[in-house]
Every structure is written in C-alpha cells, then in structure tokens.
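Asks:
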Amino acid sequence: MTDVTLRIDDVAVTVPKGTKVIRAAESVGIEIPRFCDHPLLDPVAACRQCMVDVPDAGNGRGMKPQPACALDAMDNMVIKTAVTSDVARNAQEGMLEFLLINHPLDCPMCDKGGECPLQNQAVSNGRGESRYGGIKRSYPKPTELTDILLLDRERCVLCQRCTRFGEQISGDLLLSLVERGAASQIGTGPSHEVSYFSGNLSQICPVGAITSADYRFQSRPFDLVSTTTACDNCAAGCSLRVDQRHGDVRRRLAATNMAVNEEWNCDRGRFGFRSQSDALTAPLVKVDGELQPASWPQALSAAAAGLKKLRGQVGVIPGGRLTVENALAYARFAGEVMKTANIDARARRGASAEEAGFVARQARGVGVTYADLETARQVVLVALEPEDECPMIFLRLRKAVRKAGLSVVTLAPVASPGSVKLKAKVVPTAPGDEVSALAKLKLDANTIVLVGERAGGLPGVLSSVEAAVQSAGARLAWVPRRAGELGALAMGCLPTGKGLAVDDMLAQAGQGSLGLVLGGVDLDDLADPMAARQALSKSPFVVSLEARPSAATDLADVVLPVATLAQQAGTFMDWTLTARAVEPVLSPQPMADRRVLAELARRLGADLGLPTYAAAHEAAGQLIAARAASARVPASPRQSASLVTHEGALVLATWRTLLTPSSRCLDGTDLTPRPATVVVGPNVASQAKLSVGLAVAVAGPDGASVTGPLVVDLGAAPGVVWVPDAPWAPGTVVTLGPAAPTTPTPNGQGGER
Amino acid sequence: MTDTLTPILTQTWDKPMSWKLSTYRANGGYDGLRKAFGMAPADVMKTVIDSGLRGRGGAGFPTGTKWSFIPQDNPNPKYLVVNCDESEPGTCKDMPMLMASPQLVVEGSIIACYAVGAHEAYIYVRGEVAHVIRRVRAAVREAYAAGLLGKNILGSGFDCDIIVHAGAGAYICGEETALLSSLEGFRGQPRLRPPFPAVAGLYASPTVVNNAESICSVPAILVNGAEWYASMGTEKSKGAMLYSLSGHVAHPGQYEAPLGTTMRTLLDLAGGIRAGHQLKFFTPGGSSTPIFTAEDLDVPLDYESVGAAGSILGTKALQVFDETTSVVRTTLRWTQFYQHESCGKCTPCREGSWWLVQVLGRLEAGQGQPGDVDKLLSITGQMSGLSFCVLADGTVACVSSAVKHFRDEFEAGYHTPAWELFPYEKSTLWASDSASSPKRGAA
Chain A
7 MTDVTLRIDD
17 VAVTVPKGTK
27 VIRAAESVGI
37 EIPRFCDHPL
47 LDPVAACRQC
57 MVDVPDAGNG
67 RGMKPQPACA
77 LDAMDNMVIK
87 TAVTSDVARN
97 AQEGMLEFLL
107 INHPLDCPMC
117 DKGGECPLQN
127 QAVSNGRGES
137 RYGGIKRSYP
147 KPTELTDILL
157 LDRERCVLCQ
167 RCTRFGEQIS
177 GDLLLSLVER
187 GAASQIGTGP
197 SHEVSYFSGN
207 LSQICPVGAI
217 TSADYRFQSR
227 PFDLVSTTTA
237 CDNCAAGCSL
247 RVDQRHGDVR
257 RRLAATNMAV
267 NEEWNCDRGR
277 FGFRSQSDAL
287 TAPLVKVDGE
297 LQPASWPQAL
307 SAAAAGLKKL
317 RGQVGVIPGG
327 RLTVENALAY
337 ARFAGEVMKT
347 ANIDARARRG
357 ASAEEAGFVA
367 RQARGVGVTY
377 ADLETARQVV
387 LVALEPEDEC
397 PMIFLRLRKA
407 VRKAGLSVVT
417 LAPVASPGSV
427 KLKAKVVPTA
437 PGDEVSALAK
447 LKLDANTIVL
457 VGERAGGLPG
467 VLSSVEAAVQ
477 SAGARLAWVP
487 RRAGELGALA
497 MGCLPTGKGL
507 AVDDMLAQAG
517 QGSLGLVLGG
527 VDLDDLADPM
537 AARQALSKSP
547 FVVSLEARPS
557 AATDLADVVL
567 PVATLAQQAG
577 TFMDWTLTAR
587 AVEPVLSPQP
597 MADRRVLAEL
607 ARRLGADLGL
617 PTYAAAHEAA
627 GQLIAARAAS
637 ARVPASPRQS
647 ASLVTHEGAL
657 VLATWRTLLT
667 PSSRCLDGTD
677 LTPRPATVVV
687 GPNVASQAKL
697 SVGLAVAVAG
707 PDGASVTGPL
717 VVDLGAAPGV
727 VWVPDAPWAP
737 GTVVTLGPAA
747 PTTPTPNGQG
757 GER
Chain B
1168 MTDTLTPILT
1178 QTWDKPMSWK
1188 LSTYRANGGY
1198 DGLRKAFGMA
1208 PADVMKTVID
1218 SGLRGRGGAG
1228 FPTGTKWSFI
1238 PQDNPNPKYL
1248 VVNCDESEPG
1258 TCKDMPMLMA
1268 SPQLVVEGSI
1278 IACYAVGAHE
1288 AYIYVRGEVA
1298 HVIRRVRAAV
1308 REAYAAGLLG
1318 KNILGSGFDC
1328 DIIVHAGAGA
1338 YICGEETALL
1348 SSLEGFRGQP
1358 RLRPPFPAVA
1368 GLYASPTVVN
1378 NAESICSVPA
1388 ILVNGAEWYA
1398 SMGTEKSKGA
1408 MLYSLSGHVA
1418 HPGQYEAPLG
1428 TTMRTLLDLA
1438 GGIRAGHQLK
1448 FFTPGGSSTP
1458 IFTAEDLDVP
1468 LDYESVGAAG
1478 SILGTKALQV
1488 FDETTSVVRT
1498 TLRWTQFYQH
1508 ESCGKCTPCR
1518 EGSWWLVQVL
1528 GRLEAGQGQP
1538 GDVDKLLSIT
1548 GQMSGLSFCV
1558 LADGTVACVS
1568 SAVKHFRDEF
1578 EAGYHTPAWE
1588 LFPYEKSTLW
1598 ASDSASSPKR
1608 GAA
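Those protein sequence lines, which keep their order, are chains A and B.
Heads up: the first sequence at position 85 corresponds to 91 in our numbering, and the numbers run straight through without jumps.
Heads up: the second sequence at position 277 corresponds to 1444 in our numbering, and the numbers run straight through without jumps.
(1) Are the CB atoms of T713 of chain A and A732 of chain A within a distance shorter than 8 Å?
(2) Would you kindly check if the distance between the Cβ of D273 of chain A and the Cβ of L571 of chain A is under 8 Å?
(3) Based on Cα-Cα distance, which residue from A:S668, A:R276 and A:G458 lies nearest to L482 of chain A?
(4) The ligand GDP and C671 of chain A: does any heavy atom of the ligand fall closer than 7 Å to the residue's C-beta?
(5) State yes or no: is the C-beta of T741 of chain A within less than 8 Å of the C-beta of A682 of chain A?
(6) Expressed to the nearest angstrom, what Euclidean distance is found between the alpha-carbon atoms of D350 of chain A and N263 of chain A?
(7) Given that S1509 of chain B touches chain A, what residues does it touch there, using C-beta distances under 9 Å?
(8) Kindly list the residues whose CB is nearer than 6 Å to the CB of E1578 of chain B, restricted to its own chain and excluding five residues on each side of it in sequence; keep chain order.
(9) Using a Cβ-Cβ cut-off of 8 Å, state whether S1554 of chain B counts as contacting chain A.
(10) Pull out every residue of the segment 1340 to 1356 of chain B whose Cβ sits closer than 9 Å to any Cβ of chain A, in chain order.
(11) For E1163 of chain B, report the span of its beta strand (DSSP E) as first-last.
(12) Per DSSP, what are the beta-bridge partners of S425 of chain A in this structure?
(13) Should E1380 of chain B go down as buried or exposed, given a rule of 16 or more other Cβ atoms within 10 Å for buried?
(14) Taking one C-beta from the segment 500 to 513 of chain A and one from the segment 247 to 258 of chain A each time, how about it: are there three or more such pairs within less than 8 Å?
(15) Using a beta-carbon distance below 8 Å, is M57 of chain A in contact with chain B?
(16) Do you know how far the Cα of V1570 of chain B is from the Cα of H1332 of chain B?
(17) Assign L606 of chain A to one of three DSSP states: helix, strand, or coil.
(18) Could you give the first and the last residue of the continuous alpha helix (DSSP H) run that contains F1504 of chain B?
(19) Suppose you measure from the CA of A533 of chain A to the CA of V739 of chain A; what does that come to, to the nearest Å?
(20) Count the other CB atoms, across all protein chains shown, that sit within 10 Å of the CB of H1582 of chain B; report buried if there are 16 or more and exposed otherwise.
(21) Does DSSP classify G1519 of chain B as helix, strand or coil?
(22) Using a Cβ-Cβ cut-off of less than 7 Å, list which residues of the segment 1517 to 1530 of chain B approach chain A; keep chain order.
(23) So what's F1363 of chain B in DSSP terms, helix, strand or just coil?
(24) Tell me the residue span of the alpha helix (DSSP H) that contains A337 of chain A.
(25) Below 8 Å on C-beta distance, what does T1514 of chain B contact in chain A?
(26) For the segment 222 to 307 of chain A, list the alpha helix (DSSP H) runs that are entirely contained and at least 4 residues long, ordered along the chain.
(27) Applying a beta-carbon distance threshold of less than 9 Å, which residues of chain A neighbour Q1549 of chain B?
(28) Could one say the Cβ of Y138 of chain A lies closer than 8 Å to chain B's Cβ atoms, at least one of them?
(29) Verify the CB distance criterion: does L1499 of chain B have a CB-CB separation below 8 Å to chain A?
(30) Which class does Q1178 of chain B belong to by DSSP, given the choice of helix, strand or coil?
(31) Could you check if P640 of chain A is buried or exposed, using at least 16 other CB atoms within 10 Å of its CB as the buried criterion?
(32) Return no unless some Cβ of chain A is closer than 8 Å to the Cβ of L1359 of chain B.
(33) Which residue or residues does DSSP assign as beta-bridge partners of T217 of chain A?
(34) Since D9 of chain A sits in a beta bridge, which residues does DSSP pair it with?
(35) With V616 of chain A and A622 of chain A assumed to form a contact (beta carbons below 8 Å), what rounded beta-carbon distance in angstroms separates them?
(36) Pick helix, strand or coil for E552 of chain A, following the three-state DSSP scheme.
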C-alpha cells in the first residue's frame, strides 16, 4: 500500500493511503474530539464533532470544513484542527454546545461521570457557559433494553455507535434509531435474539446513555483500581480490564488487544464474575461425616495422612480452569509426589484416548492466530459453534466475512444463529458424521480448520480431521472451551502410559478403589454429573482444592481453599497457543493451588521444586518451549467412526451455549440465556406429527427430559434433534414427543428466569 | 408579453384528459423515444449533454454529464431513480406536472434508461400525494398495456421496467442518498459520499438519480434537438423551466419560461402582486434559498445570476410575500418545517433547528430577550456548512437572509408580538383591504 504525506497543524504526517485524517492526526499526537468515530466501526460522520479546516485538499483547492473521521488523508493535503484554525475551533465549540443543550447536567450521579468522553471534551474543547436557557428534552428513565442493559435517552448524543456495533460487529440488530429530528432516539431493533455481545454497547457509548444494570450506581470510575489481565471464561484469550474497589471486583471491561479481542468482549467475559464474598476462607475437614472448619496445619496433615493411606491408588483431576503455573504443580504432584500417571485436566465430556493423542500434538504445534483467520480464504468449523464456544473467534470470523470475503463452512446439525450471522455454508451433519462430511469438502493451503472440544466425544473425527488437514496442506487448530485446558495439557496434565483418563478415574473411584485430588472441578461439567457425585461419595479419600464451595465440596474429605483468579498471578494458554498473563487484581492474595500443593507435598516428604511463583512461571515456560521444540508425535492410529447408528433413531445434537443456565460464573448475574428451543428437520417433525411452536420434550436414556418450543430448520441434518445445553452427550439416541402439560408453580413462573 | 412563455412541459396541460396516454400520443408523445431508439445510447447521452439541460431539483448539475458518470464496465445492474419527492415549502412544480402529464416522466425515464444502459427505473413519489401516485401508477399501467414498457419496447429490443414507489413522508428523502436508503427499505437518512450513487447507489449498483422535471425535459430535447433547447435560456443556463409562483400574486401558478427570465417579467405574467399591496420579499427557489426583496426583481432567474445575487435558483419556487406579512412569522414557520423534517442523523441540524425554533418562537410572541437576534445568527453560523447534508444549510438560509433584510422586525420581537405588528388575517386571501382588526390572527 502506498503512503501519503499531509500536513496537520503544520506537522508533516505520513500514513498509508486510505487512512482517515482523524487517525493520521492521532499518529502524531493531535487529538481531534469525536463521539461517533470509533476505529473499529465504519465512519458515519454523524456527530460532526471532529470538523477540521481543509485549506488545501491536496489539489491546491480548499474544501469547506470536513469531518476528520470520514475524510481520507491525501498527498499534500493541509489540515488545520482547532489548535491552529479558528474555523475548526468555532465548529467544534459550536457542535459541543449543540450536544449539550439537551444533555442533562446529571454528571454527579451518572455512572459515566469521570470517564465520560462528553464530559472530558466539554471541558477540553467546549465553551465555559451555555447560552441555552430553554427546557431540555427529557424522557422517562431508564429504559430497560435487556435484562442487563439500561438506556437513559436524555443523555444520548445519537452517535449511533451502538446501532453500528450491532450491524457491523456482532450482527445482532439489538438497537436501532427510531423517530426523527430532535425526537430521534435509540430504540430496540428488529433482532429478538439475546445478544452475546451487548455489554460492549455500554463500553463504547461515549456518554452515560447505555449503562449495565450490574454496575449502575456501584462506584465512581476514579475510585476504582484497574488491572489489565486475561479473561478466565473461555480459551479465547481476551484481554480484560478488571476494576476493583474495597477488595472486590466491581466490573470487567474489554481491554484493547488488537491481536485477540480488538476492543470487544462477550457478555460472559464481561459480566461472568462472582463476588469474593462467597469465596472459601478456611480449610474444611470431614469429621464424622461432617465438614468442619480447620486450621491450615490440621487440614494439610489430614490431607497428607489420607493420601498416604491410598498407597498410590490416587487420581488427580485438575480441571480446565487453572493457570499453567498451578497446572504444573498438579502435574508434579501427581508424577513426583503421588507417583501416578492418573492425571487428566479434561474434566468434561469427550475425554477420549484418541483426543489425548490429538491434543498432545496440538499443544505443541505452531498455532493459528486470529490474524490468520482474517487472511484465510476458507474456514471450516468442525464440532464448533464459535458464537457459543469461543465468541472472539465468532467476531473475528464475522469481520473477515464482512471485510475480507472469507467463506465459512460449518459441519453442523442445524443452521445456528451464529452461522446465519457468519453467512456460513452449513453442511448438515449429524454428530459423528463429520468424518464423511469432511471427506466431501475441498480443503487447500488457504483453509483453516477449527475443531471444537465436542469432537473428542465423536470417535474418529479428530484423527480424520488431522489426516484431511495434513493431506490438503491446510492448517488446523483445536478450540477447547476452558481457559486453562490447553495450558494444563501442555504442563502434562494428561494420562500417559497406563494412566487413567478422567472417566476411568471416576469409574474406579466409584468402585471405591481410587482416591481423588480435585483442582477446582465443577461436577456438572463432567460427562455424567450424577455418576461423578456417586464416585466422589464412594471414593476412599477425596481432597478438593477450590476457591468457592461447589457440588464437590460436600463430598470431599478435606477441602483446601485456594486463591481465586482475581487473587493471583498466572498464565493461560489460549487456543492460539499464546500465553496470556493473569495479573492479580485483589490483595491480600491467599495461597494459590501451587502453594497449597507444595505444602501438601512437604507433609508427604516431597518437594515440588516450585518454591515461588517466579520459579513456577519459569519452569512452565521452559516446558512449553521444550515441547514446542520437540519432534512431532506421530499421528495416532486412524480410527473409523464407531458411533452406533440406529436405523430410524433420533440422534441428539447439542452444545453448551455461551450463557448456559448451568454456568457457575453466571450465578448472581442478570444475564439471560437464549430461550431453549428444540430444532429438527422437516422429516423428523412430520414423522413425529409435531407442529412448529408446539412445546415438545426430548427424553434421554436416563429418563430425564429437556423441553422447548419446536423449531423446524429446513436444512437440518436428517434424524437429528438439536437442543441447547442437553445433559447428554452429542450422538446419544433420544426420543421426541409433546411435552407433558406443566402445572404452574405457585408464583406462576415455573423455572423461567 | 405572453410570448415569453415556452410551453414545452406544459404543452398539453389544457387538453381534455391530458393525463391519458391517448392525449399524450396525439400531441407527439413518444416521438422522442422513437427518435432515441434510432440512435446509439451514447448519442442520446451526447444530445442531452449538448442541450445544456441542468438538474431541475435545485443543484443544477448538468443532467447529461451525470449520466456519463455511470461506469459502463460495472458488472452490476444499472438503475435510474426519478426523484419526485417534492416536499419543500413553496415548491410545487413536479406534482402538477405529474398530474397533468404523467406520460412525460414515463417516456423520459425510458430514454434515460436507454442512454445509461439501465433496465429498471424507480419513480419515487412523495408519500403524501396519493392522487399523484395513483396517476403516475395509472400512466405506467397504460404504458405497459401499450407495449411502451416491459420487453422489447416498440420493437427496439430494449427492455425497461418502471416501479412507482411511494415514500413515507419525509422531506429528507428528497436528498438523493437518503432517497436511495428509503427505496432500499432502510431509514431515510443521507449516506456518506464517496461512494457516489453513480458508482454505488441503489443496492450498491451504479445509479442515476434525476429530478422529475429534468427527466420530463428529455423527450422534447430528443424531438427538437439539442440546438433548439440550447437556443433558449442564457449562456450557461440553457433551456426553459417551470417557475412556480405562489403567495400574494394575482394569478399564482406554473409559468414555463426560458432560464434567465426575471421576477419582474414573471410577476407581470402573473398579474402582479395582489391588488393594493406591494412586494415585501420572495424566495427565488423555495424556502431553503436566501430571500430576495424588491431590489432583486431584475435579477435574471438563472443559476449564475441568482448565485451572484446571493441566493440559489433552487426549485424556482417563487413564494411571494407582500407588506402584510410578518417575516418573523414566516421564518418561524419555515424553521418549524426544517426542525420537523430534520432526519436527526447529525448534530447541527437536529439540535440547531430545535434551538432556532425556540428563539424564533419567543421573538414572534414578543418575548425575545435582548441578544436573541445575534443568537439566531450565531446558531446559524454553527450550523452553516457543517452538517451532514444540505438540509441544515436550507434552514440557515431562510433565517440568516431574513435577519439580514429585516433585522428591525426581529428586534421588535423583544417587546411586541408579530401578530400586533402584522395582524395575521391581513395576509390571508380573504382579508378585506379596509378592515384592520386588532385581534390576534390564527397562528
């Protein structure tokens, strides 16, 4: 791309052709005030705040004042901002006066006060006094846009960042302009879907018009202490700004990281955090079947004694939410202290041996980056629904589809809202049929295949994906859901040799022959949550390291509280195999898993060799570097698809939605999941004699059922029913029928949120 | 005097059932199209360029030149959009023209489509004028039935379809990019340029947007030739056009005359100011053009001369006001129109017009505060040339020119209501000359 050189306020600036003047000015430190302009949104030139004087448009002729946000920098152009031009200064002052005549003077009680672009620019670029003496426009306040977003219309300057975010970034037309002229206001748009990205609207709003219900009136920006850290809610690796006050997290914002999340994040990452108030503070030891608070020495001794008695018959399940430093401690604790190969961080469905081999190879690969997604010609999604399972991949793919002509192909049972927004080609695929569907696709060197965590539970899929990618010279990335999973696997939290995988460990524990060390495991993440509860209660000895009480707490013999993620430093490895630093947000910082395990090891007469955080960080880093350098592990033997196909049977397709009702990180937030629907193809619906909109129930092998209104997707894979967040694995044979009439609960709302 | 008139568009208006296709054809209708089909499209375009026809919607951009901007190598379909969203106060030329002679716009559209290589034309008619929409739709139906639209028109091998689209009642949709957004089904708001409609207009395809009167002028140019058309008017403003006289004139109406005709001539044609009164001010081109006074009666009404005299020829909507009129009241009503019609997209138009109405409102009521007149000028200064489209410039024009010419009247608003200085009933058509009622007139 060619460069152009222009002069802004008599400073020569050289920028690539096509750069807007407002960006060119920024590059030399000249800030032009603006409201509607946002570097990641297409220019709209609506607020007119960034007007500049153009004495020479580069062709020797002047122009009338122009909005710098929409004006392309041209060679030899001369721009004068308010710093050097009365024309520009008068225009900018006038525009601010216009914006303020109808803006309430409620800054002292507005959440944006103190970090408000309107407030700041009114002070830096406005006139001292208002000449307007009339009555200001007002509206009833606030309007509830969603359960989490509030709109104060009288504060709005109609910059349309929010409506453009929906159109251009997330694809959810949550908001749009309504009415006209002075009565123009932001109203709800045509989209009726729950947006996963709505929190960004409150962050990009340049005034206090869009605020979030959970932060409203909670704090003043200048009273907050901010920390830039990595998001812990999925493997996307988003940078996050966490604001704390009085020892508790008040809010989380997207931090700018152009390599990952640009300036956005998802609602789960933004709102999915819990107060410190429900964190465990003291160790618990089971005495006579009852957990009792205990001192650290008591609890550690009890844990050490219990573990010693197991004589190596122990399994370690660290879970997928740990930093690599903590994961390394679990790996060493299993291998060097407990002398066992029974360790598996995959505390979820689909932790197969095939997957173990696959992810071991993946964890030492080169990695695909977000930028690669933008330059690829084709991205194939296998067992991955990015909007639900890795929202930043979704946003980046949508950007590439919109701006770079990327085509997305998804092997999916139904056309999800996400694939519609990605304009994806949906190849109707029942769970397990990915192998044959993939064989029909044309992959090439410009293709990136993204394979999701669900593939691990579908025999043969991972190996055939690997083979197809290799033979086509395409690139491949594995996208787990948990923030800590790839890092933990890289640290060796995977069974090797005769080591047991997570399901086998739980099975043996259920037979009473295996003790367990758990590292923050949510039992509901596991393939069979009920069986897992049984296993824990039957296991001879269970030590659980966790930050907050969970279903595992009551079933453990010793509970050792560890620092929450807000209370410790650490590192996550995101799906691009890139390290993302976790910074401590709060202090004091109680012992993290690593220190607790080191203390436990000491009582067992061993040394983890990780005396400090710095030592653990360095050791983890060396391990990653060494693994990346090591030779590729040969591909695992090809497995054929062995999902039993039942002639005429109905097969379940499902995945965890982003705002899944069962997610613990969302407890206590006002987030609304998308309403559950039951999606089938037309044949399934007609065979079952069920009509669209009817309340239907999908019953699983355990007799439990999931209900929702029936939706018919004309392009759905035959013989498949899709429900969100089903309690059974994809590929399970289920039955479909009308839902039993529900008896209204006393308060008349049933289980509805 | 009447030989000043040049009935071209208005030629058949007095014929019985002038709107019927049969009447139109009996008077030479569709001869222009036949002639065009005998020429290469590029030659049709050249004829229109040579005729000097300029856009009649206000800006006066050469019509043929605009057609030549359509990139012929663009793979997308090309579109013609005819702008009949006539909504400006005082502007009333397209509606009577479409009522009296709707086939003109059909024939002109087919010729324009042929010249630019479009096969689809959209006629966007202002939503409030249901009777005009019905009439244009009927004309299109008649044209289809007669084989003048659809496939292989008149055996030429050329296909053309016309869709008549009713707007939803927004002045801003007369702005060409807002019109395109509205036509696509979106909110009628102007779009950023570039890209210009000629490159990425309707459905992101090359689009020519022409005013109805411009399109209707095309058939006669084809029939009589570019030289004939160029022989009328002035050196840079060629041809003839509709001058719409309204207000305090004896015979308001449409006067089709060559460009460069003066207001004095047109007033004579219209029987002068209503009996017993004198001209106070008039708009040369609708409410969004700076007003003229009796001093400007001899300004030739062409693009250049009006521009040199400090106003804009606009839509040649000559609204005439006599000495009974309160300029404060007139300005307020116009400004209220612009406030109501501001689309709300950009700050200066949305907020500025809102503020102007409040200041003008108290001046009309005699409750102005000292400094309000300067404040009016200051607000207009903060709007002028800074808005997204020219709607705000129109608002500014009527306010600032009125203050320039009649500052005393605005300053009187600090103490005396306008209806006391200018009893409103006196400016009505039914006002008797002798009666001078002190009562407040209906606002």
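We treat Cβ as the ideally placed atom computed from N, Cα and C, and that holds for glycine.
If you're wondering where the values come from, they're calculated on a predicted model, not measured in any experiment.
Replies: Quick look at the numbers:
(1) On the first sequence, position 726 is the one that residue 732 of chain A refers to. On the first sequence, position 707 is the one that residue 713 of chain A refers to. Cβ distance not < 8 Å, so A732 of chain A and T713 of chain A don't count as in contact.
(2) By 1-based counting over the first sequence, the position of residue 571 of chain A is 565. By 1-based counting over the first sequence, the position of residue 273 of chain A is 267. Going by C-beta atoms, L571 of chain A is not nearer than 8 Å to D273 of chain A.
(3) Looking up residue 482 of chain A in the first sequence gives position 476. Out of A:S668, A:R276 and A:G458, A:G458 has the C-alpha closest to the C-alpha of L482 of chain A.
(4) No copy of the ligand GDP appears in this structure; indeed no ligand is present at all.
(5) Within the first sequence, residue 741 of chain A is the residue found at index 735, counting from 1. Within the first sequence, residue 682 of chain A is the residue found at index 676, counting from 1. No, the pair does not count as a contact, with Cβ atoms beyond the cut-off.
(6) Within the first sequence, the letter at position 344 stands for residue 350 of chain A. Within the first sequence, the letter at position 257 stands for residue 263 of chain A. Looking at the two C-alpha atoms, the distance is approximately 31 Å.
(7) In the second sequence, the residue the question calls residue 1509 of chain B occupies position 342. Within chain A, the residues near S1509 of chain B are R186, G187, A188 and S190.
(8) Residue mapping note: residue 1578 of chain B aligns to position 411 of the second sequence, counting from 1. Counting only Cβ-Cβ distances below 6 Å, and skipping sequence neighbours, we find V1540.
(9) The residue you call residue 1554 of chain B lines up with position 387 of the second sequence. Closer than 8 Å: yes.
(10) Those would be R1354, G1355 and Q1356, in chain order.
(11) Coverage of chain B is limited to positions 1168 through 1610, which leaves residue 1163 of chain B absent and any answer about it impossible.
(12) Within the first sequence, residue 425 of chain A is the residue found at index 419, counting from 1. Residue pairing by DSSP places S425 of chain A opposite no residue, since no beta bridge is assigned to it.
(13) As a first step, residue 1380 of chain B must be located in the second sequence, where it is residue number 213. With 16 or more Cβ atoms within 10 Å of its Cβ, E1380 of chain B is classed as buried.
(14) Segments in contact, no.
(15) Here residue 57 of chain A corresponds to residue number 51 of the first sequence, with the count starting at 1. So, interface residue.
(16) For the purposes of this step, residue 1332 of chain B is identified with residue 165 of the second sequence, where counting begins at 1. For the purposes of this step, residue 1570 of chain B is identified with residue 403 of the second sequence, where counting begins at 1. Cα-Cα distance, rounded: 39 Å.
(17) To locate residue 606 of chain A, count along the first sequence from 1; it is residue 600. Helix, per DSSP.
(18) In the second sequence, the residue the question calls residue 1504 of chain B occupies position 337. Run containing F1504 of chain B: V1494 to E1508, per the alpha helix (DSSP H) assignment.
(19) Locating residue 533 of chain A in the first sequence gives position 527, where the first residue counts as 1. Locating residue 739 of chain A in the first sequence gives position 733, where the first residue counts as 1. Going from the Cα of A533 of chain A to the Cα of V739 of chain A covers about 15 Å.
(20) Within the second sequence, the letter at position 415 stands for residue 1582 of chain B. Classification of H1582 of chain B: exposed, given that the 10 Å Cβ count is below 16.
(21) As a working mapping, residue 1519 of chain B is identified with position 352 in the second sequence. G1519 of chain B falls in the helix class under three-state DSSP.
(22) Of all residues in the segment 1517 to 1530 of chain B, only R1517, E1518, G1519, W1521, W1522 and Q1525 come within less than 7 Å of chain A when Cβ atoms are compared, listed by chain position.
(23) As a working note, residue 1363 of chain B is residue 196 in the second sequence. Looking at F1363 of chain B - three-state DSSP - the assignment turns out to be coil, as it is neither helix nor strand.
(24) If you number the first sequence from 1, residue 337 of chain A lands on position 331. Unbroken alpha helix (DSSP H) run through A337 of chain A: V330 to R338.
(25) Position 347 of the second sequence, counted from the start, is the residue given in the question as residue 1514 of chain B. Here the neighbours are A52, C53, R54, Q55, M101, F104, L105, V163 and L164.
(26) With a minimum length of 4 residues, the continuous alpha helix (DSSP H) runs that stay inside the segment 222 to 307 of chain A are 273 to 277.
(27) Working through the second sequence from its first residue, we reach residue 1549 of chain B at position 382. Those within 9 Å of Q1549 of chain B in chain A are N96, A97, E99, G100, M101, E103 and F104.
(28) Here residue 138 of chain A refers to the residue found at position 132 when the first sequence is read from its first residue. Answer yes: the Cβ-Cβ gap between Y138 of chain A and chain B drops below 8 Å somewhere.
(29) Here residue 1499 of chain B corresponds to residue number 332 of the second sequence, with the count starting at 1. False, the Cβ-Cβ gap to chain A never drops below 8 Å.
(30) Within the second sequence, residue 1178 of chain B is the residue found at index 11, counting from 1. Reduced to three states, the DSSP call for Q1178 of chain B is coil.
(31) Residue 640 of chain A sits at position 634 when you count from the first residue of the first sequence. Because the pLDDT of P640 of chain A is 47, which lies under 50, any placement of that residue in the model is unreliable, and the question is left without a value.
(32) For the purposes of this step, residue 1359 of chain B is taken as residue 192 along the second sequence, with counting starting at 1. Yes, contact with chain A.
(33) Here residue 217 of chain A refers to the residue found at position 211 when the first sequence is read from its first residue. Bridge partners of T217 of chain A: A:L156.
(34) Here the question's residue 9 of chain A lines up with position 3 in the first sequence. Its beta-bridge partners are A:P22.
(35) Stepping through the first sequence from its first residue, residue 616 of chain A is reached at position 610. Stepping through the first sequence from its first residue, residue 622 of chain A is reached at position 616. Here residue 616 of chain A is Leu; the residue named in the question, Val, does not match the sequence. Rounded to whole angstroms, the Cβ separation of L616 of chain A and A622 of chain A is 4 Å, and the two are in contact under 8 Å.
(36) Counted from its first residue, the first sequence places residue 552 of chain A at position 546. If DSSP states are grouped into helix, strand and coil, E552 of chain A belongs with the strands.
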